[in-house]
Structure formats: C-alpha cells, structure tokens
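Notes follow once the structure below has been shown.
Written out as structure tokens, the structure is:
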C-alpha cells in the first residue's frame with residue numbers, strides 16, 4: 171500500500187461523490203471518483219485502488235453487478251480490494267446481497283464521518 175492510500179468513490183450522484191470524497195480526504199487519503207459501475211471498472215483496469223466505496227443503484231451497471239465483476243477479475247490475480255457498500259437502503263436482505271456480491275462492509279449514506287473512517291481503516295489494516 172502506498173503512503174497515501176488511493177480510494178475510489180463510485181456513485182451516480184455528484185453531490186454524494188463530493189461529500190464522500192471530502193470526508194475521506196479529511197482522513198488523509200487520495201480520492202478518485204467514478205459516476206457508475208462501468209466507469210469504475212475502466213478505472214480499475216488501469217490503476218490499483220486500496221479500497222472502494224460503492225453505491226448500489228446506478229445507471230448502466232449497479233454496484234452489486236460491478237462488485238461481482240471486480241471479484242471475478244481479482245480471482246485471477248489473487249488481489250482483493252475492500253469494497254464498502256454506501257447506500258440509502260438499509261434492510262437486511264440488501265445487506266446480504268452486498269455480501270453475496272463480494273462486498274466487505276455496508277454503510278448507510280447518512281452514516282457519520284467516524285463510521286466511514288472506522289470501517290475504512292479496519293478494512294485497510296486487515
């Protein structure tokens with residue numbers, strides 16, 4: 171891992187990307203943003219990220235589908251990038267779908283900055 175971990179924030183809502191990026195930058199991480207799952211996959215093909223915050227409902231490719239594709243690609247390389255679902259949904263079935271898709275953690279978009287930091291740091295230091 172580099173001195174300053176590189177985090178990818180994937181969400182179709184620019185304001186959510188901005189708010190998440192600002193919060194995570196405040197923790198000392200470098201941020202890149204993608205507006206959907208397709209763009210995220212293109213970015214992942216050319217650069218390594220230390221973790222990913224992923225919305226679930228996006229046009230072109232959902233976060234669940236994107237996470238599955240990331241895990242399929244990583245199975246060939248042996249790499250595993252932590253993926254954190256960041257969504258407005260909160261029921262247990264959605265959380266199960268996230269874990270089934272290969273996501274490592276689940277946060278509600280209204281979570282605190284401390285929850286973002288704690289979750290991210292626990293996955294980066296695992």
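In the numbering used here, the protein residues as written are 171 to 296. Glycine included, every Cβ here is placed at the ideal spot set by N, Cα and C. All values reported here derive from a predicted model rather than from experimental measurement.
Take the Cβ of residue i as the centre, count every other Cβ of all protein chains shown within 10 Å, and call the residue buried at 16 or more, exposed below.
i: residue 197; result: exposed
i: residue 187; result: buried
i: residue 296; result: exposed
Considering only the beta carbon of each residue, do residue i and residue j sit closer than 9 Å?
i: residue 225; j: residue 181; result: yes
i: residue 274; j: residue 256; result: no
i: residue 200; j: residue 175; result: yes
i: residue 253; j: residue 240; result: yes
i: residue 247; j: residue 280; result: no
i: residue 251; j: residue 220; result: yes
i: residue 243; j: residue 290; result: no
Quick check on this structure: which residue in the options has the alpha carbon closest to the alpha carbon of residue i?
i: residue 203; options: 194, 178, 218; result: 178
i: residue 264; options: 289, 233, 214, 288; result: 233
i: residue 227; options: 268, 215, 287; result: 268
Within the continuous beta strand (DSSP E) that includes residue i, where are the two ends?
i: residue 293; result: That residue, residue 293, is in no beta strand (DSSP E); its alpha helix (DSSP H) goes 283 to 294.
i: residue 193; result: Careful: residue 193 lies outside any beta strand (DSSP E), inside the alpha helix (DSSP H) at 184 to 196.
i: residue 203; result: 200 to 204
i: residue 221; result: 221 to 224
Less than 6 Å between C-beta atoms, sequence neighbours within five positions excluded: which residues of the same chain meet that for residue i?
i: residue 278; result: 260
i: residue 195; result: 201
Which residues in the same chain as residue i place their Cβ atom closer than 8 Å to its Cβ, once the five residues preceding and following it in sequence are excluded?
i: residue 272; result: 237, 238, 240, 241, 253
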